[in-house]
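Participant: When the letters of the sequence shown are read in order and numbered with this note's numbering, they come out as residues 259 to 517.
Glycine included, each C-beta is placed from N, C-alpha and C at the ideal position.
Dumping the structure here so I can ask a few things about it.
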Amino acid sequence: MSTAPQLVVHRDKELMAQAAAARLITKIVDAQAARGYASIVLTGGRNGNGLLAALSAAPARDAVDWTRLDLWWGDERFLPDGDPERNYTQARKALLDSVPLNPDRVHPMPASDGPYEVDAAAQVYAAELAAAAGPEDHGPVPTFDVLMLGVGPDTHVASLFPELPAVRETERTVVGVHGAPKPPPTRISLTLPAIRAAREVWLLAAGEDKAEAAAIALSGAGEIQAPAAGAYGRSRTLWLLDSAAASQLPPELYPPHVA
Ligand SMILES: O=C1O[C@H](COP(=O)(O)O)[C@@H](O)[C@H](O)[C@H]1O
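Rendered as structure tokens:
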């Protein structure tokens, strides 16, 4: 069952990144207090990396027990290990290299110079997720506390692009993506069923180039044409926007609140 999206609109992208980072710290600390660990899915892209950089700069980051944090990725650009365009490389630079994570709990998606071609690599990641899922979870992926997704200007989320086969997937949790319209063309992505296993899905959209995408996805578009419209969490779906990205929303949605 889909959860109706909630919107929070911030003044600008810097404030959005800082507020989202503060929100994420609180979520992680609360989950660790309740269950002993937290499970987060990271996104690539400008907004996702902006959030990680803001988290890195936040004094409250020391409230997180980094050794009890599971990190997964929503998608990856299928490039060699260490490539500066890999989402994993960018996340390391923005935050991960400066906090004491437990390497056993960090799950980057495979790189193109490893032993697998992209479809096999997607299967390997699906198996890693399935191994981490327990009986209390809702299928072959863990119930992530928060899964973040940067919204692309074409409404793509993770590496689910409009009309491509990956966004139509209803069985597999992870797929190889071929022919993506945004470089690189070869990618790995969680599918919509895997995304919807998360307790909370947060969609990040800042900047004028995201305004049309946000308006389309939040105005009842279908998920095949507008993948962001199909991304929702089990208990919450939260759109975090800045005022530029919210500028084309229909008047009944905007502004619910500008912080
Ligand atoms: O290529 C990707 O793009 C999207 C959005 O990126 P942005 O720079 O337009 O914010 C991102 O969500 C995805 O993880 C990434 O692989």
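Any contact of the stretch 359-371 with the stretch 325-333, i.e. 3+ C-beta pairs under 8 Å?
Facilitator: Touching, yes, given that three or more Cβ pairs across the two stretches are closer than 8 Å.
Participant: Rounded to the nearest angstrom, what separates alanine 390 and alanine 384 at their Cα positions?
Facilitator: Residue mapping note: residue 390 aligns to position 132 of the sequence shown, counting from 1. Residue mapping note: residue 384 aligns to position 126 of the sequence shown, counting from 1. Taking the straight line joining both Cα atoms gives about 10 Å.
Participant: Going residue by residue through the stretch 434-482, where are the continuous alpha helix (DSSP H) segments of at least 4 residues, counting only ones entirely within it?
Facilitator: Taking only runs of at least 4 residues, the alpha helix (DSSP H) segments lying wholly in the stretch 434-482 are 450-453 and 469-475.
Participant: How about valine 399 and threonine 431: are their beta carbons less than 8 Å apart?
Facilitator: Counted from its first residue, the sequence shown places residue 399 at position 141. Counted from its first residue, the sequence shown places residue 431 at position 173. Their beta carbons are under 8 Å apart, which means valine 399 touches threonine 431 by this criterion.
Participant: Can you grab the Cα-Cα spacing for the pair alanine 487 / valine 409, in whole Å?
Facilitator: The sequence position of residue 487 within the sequence shown is 229, counting from 1. The sequence position of residue 409 within the sequence shown is 151, counting from 1. The straight-line gap from Cα to Cα measures roughly 10 Å.
Participant: Provide the residue span of the beta strand (DSSP E) that contains glycine 294, from first to last.
Facilitator: Your numbering for residue 294 matches position 36 in the sequence shown. Unbroken run through glycine 294: none, as it is neither H nor E.
Participant: May I ask whether a heavy atom of ligand 1 can be found less than 7 Å away from the beta carbon of proline 338?
Facilitator: Position 80 of the sequence shown, counted from the first residue, corresponds to residue 338. The answer is no for proline 338.
Participant: Applying the criterion that 16 or more other CB atoms from any shown protein chain within 10 Å of the CB defines a buried residue, is glycine 480 buried or exposed?
Facilitator: As a first step, residue 480 is located in the sequence shown; it is residue number 222 there, counting from the start. Counting Cβ neighbours within 10 Å, glycine 480 comes out exposed, since fewer than 16 surround it.
Participant: Is the distance from the Cβ of aspartate 323 to the Cβ of glutamine 290 below 8 Å?
Facilitator: Looking up residue 323 in the sequence shown gives position 65. Looking up residue 290 in the sequence shown gives position 32. It is a contact, given that the beta carbons lie within the stated cut-off.
Participant: So, are the CB atoms of proline 508 and serine 477 less than 8 Å apart?
Facilitator: Residue 508 sits at position 250 when you count from the first residue of the sequence shown. Residue 477 sits at position 219 when you count from the first residue of the sequence shown. It is a contact, given that the beta carbons lie within the stated cut-off.
Participant: Using the Cβ count rule (16 or more neighbours within 10 Å means buried), how would you classify glycine 372?
Facilitator: Along the sequence shown, read from residue 1 onward, the residue named residue 372 stands at position 114. Flag for glycine 372 reads exposed.
Participant: Given alanine 275, which residues of its chain have a CB within under 6 Å of its CB, disregarding the five upstream and five downstream residues?
Facilitator: The count along the sequence shown starts at 1 and reaches residue 275 at position 17. Cβ neighbours of alanine 275 beyond the five flanking positions: Gly308, Leu309 and Ala312.
Participant: Where does the unbroken alpha helix (DSSP H) through glutamine 381 begin, and where does it stop?
Facilitator: Within the sequence shown, residue 381 is the residue found at index 123, counting from 1. It spans 376-390 - the alpha helix (DSSP H) in which glutamine 381 sits, taken as one unbroken run.
Participant: Report the partner residues of glycine 408 according to the DSSP bridge assignment.
Facilitator: Counted from its first residue, the sequence shown places residue 408 at position 150. DSSP lists Leu462 as partners of glycine 408.
Participant: With H, G and I counted as helix, E and B as strand and the rest as coil, what does DSSP make of arginine 335?
Facilitator: By one-based count along the sequence shown, residue 335 stands at place 77. Three-state DSSP puts arginine 335 in a strand.
Participant: Relative to the C-alpha of alanine 464, which candidate in Gln264, Ser260, Asp270 and Pro263 has its C-alpha closest?
Facilitator: Taking the first residue of the sequence shown as position 1, residue 464 is located at position 206. For alanine 464, the nearest C-alpha among the options comes from Asp270.
Participant: What separation, rounded to the nearest whole angstrom, lies between the Cα atoms of leucine 354 and serine 417?
Facilitator: As a first step, residue 354 must be located in the sequence shown, where it is residue number 96. As a first step, residue 417 must be located in the sequence shown, where it is residue number 159. Rounded to the nearest angstrom, the two C-alpha atoms are 22 Å apart.
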